[in-house]
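Enquirer: Have a look at this one before I ask anything.
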Amino acid sequence: MTSILDLPIELWIEIYLLLPDTSAFALSTASKYTHAIYDSDLRIGFQSIWPYAIRLLNLRRPGNCPAWKENSITELMTKTIWMDSTGNVRSYQFFGIKAPGTIKNEDGPTTQSANHK
Numbered sequence: 078m079t080s081i082l083d084l085p086i087e088l089w090i091e092i093y094l095l096l097p098d099t100s101a102f103a104l105s106t107a108s109k110y111t112h113a114i115y116d117s118d119l120r121i122g123f124q125s126i127w128p129y130a131i132r133l134l135n136l137r138r139p140g141n142c143p144a145w146k147e148n149s150i151t152e153l154m155t156k157t158i159w160m161d162s163t164g165n166v167r168s169y170q171f172f173g174i175k176a177p178g179t180i181k182n183e184d185g186p187t188t189q190s191a192n193h194k
């Protein structure tokens with residue numbers, strides 16, 4: 078009989094990362110090896126420092142956040158939200174701030190070209 082522990086490590090870890098927390102914890106009790114992988118997962122270190130970290134880190138697990146919520150967060154986070162001191166329109170992105178000149182004003186030209194008239 079084949080068990081999950083007989084799978085190659087790469088496949089086993091992929092399965093582990095797709096599990097919800099309670100199932101990942103249950104699987105970690107299967108052997109010392111699985112427990113070591115569970116202990117090395119970031120969730121444990123963060124959980125001891127910040128009790129709500131598991132909820133935040135669970136967002137990286139597929140299917141944990143409903144599609145409507147992901148879409149809503151993305152829409153809110155990508156809206157233009159302010160103008161900086163030089164008059165450039167700035168927009169927050171998950172990976173940083175958009176550079177000046179990449180966002181179009183309502184009248185058409187980019188912010189960079191509009192500021193250099």
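In the working numbering, the protein residues as written are 78 to 194.
Glycine included, C-beta positions come from ideal geometry on N, C-alpha and C.
#1: Please report how far the alpha carbon of tryptophan 89 lies from the alpha carbon of threonine 106, in whole angstroms.
#2: Would asparagine 165 be called buried (16 or more neighbouring beta carbons within 10 Å of its own) or exposed?
#3: Along the chain, where does the alpha helix (DSSP H) that runs through alanine 101 open and close?
#4: Just the C-alpha distance for aspartate 98 and tyrosine 115, rounded to the nearest angstrom, thanks.
#5: Buried or exposed for alanine 113, please, with buried defined as at least 16 other CB atoms from any protein chain shown within 10 angstroms of its CB.
#6: Suppose contacts are defined by Cβ-Cβ distances below 7 Å. Is alanine 101 in contact with tyrosine 93 by that definition?
#7: Tell me the rounded alpha-carbon separation between glutamate 91 and serine 108.
Expert: Short version:
#1: Straight-line Cα distance between these residues: approximately 14 Å.
#2: buried
#3: 98 to 105
#4: If I take the Cα positions, the gap works out to 10 Å.
#5: exposed
#6: yes
#7: Roughly 17 Å separates the two Cα atoms.
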